[in-house]
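J.: Quick note on our numbering: the sequence shown kicks off at 1315 and runs consecutively. I am attaching a structure below and will ask some questions about it afterwards.
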Amino acid sequence: MANSPQAKKRARQNAARYAVNKMRRSKIRTELRKVEEAIASGDKDAAAAALKAAQPELMRGVTKGVYHKNTAARKMSRLAARVKAIA
1315 MANSPQAKKR
1325 ARQNAARYAV
1335 NKMRRSKIRT
1345 ELRKVEEAIA
1355 SGDKDAAAAA
1365 LKAAQPELMR
1375 GVTKGVYHKN
1385 TAARKMSRLA
1395 ARVKAIA
């Protein structure tokens, strides 16, 4: 357990950041799941709309430090290609 006041404060801050990041990650995963479901259903319009809604959430995760920039870019690229490939 933390002994010094600085370490105690750090532990509190880490717990708070963990909760916020967990919420952000969950929100992003939900948006990505919506895109996946739309792709699986074969509805191109719904998939495109879901992708358009997911992109800002994913990029917000990058600016907030939840995801690495290249990870988010890779996810968006792969999803966009799959949406585009729907007949």
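No residue lacks a Cβ here, since even glycine has one placed at the ideal position from N, Cα and C.
How close, in whole Å, do the beta carbons of glycine 1375 and arginine 1347 come, if the pair is a contact with beta carbons under 8 angstroms?
T.: Not quite, the Cβ-Cβ distance comes to about 15 angstroms (not below 8 angstroms), so this is no contact.
J.: Classify alanine 1386 as buried or exposed, calling it buried when 16 or more other Cβ atoms lie within 10 Å of its own Cβ.
T.: Label assigned to alanine 1386: buried.
J.: Indicate whether at least one CB of chain D lies closer than 8 angstroms to the CB of lysine 1323.
T.: Here there is only one protein chain, and chain D is not present.
J.: Can you tell me which of the three DSSP states asparagine 1335 falls into?
T.: The answer is helix: DSSP assigns asparagine 1335 an H, G or I state.
J.: I'd like to check one pair, valine 1349 with alanine 1361: are the Cβ atoms closer than 8 angstroms?
T.: For alanine 1361 and valine 1349, yes; Cβs fall inside 8 angstroms.
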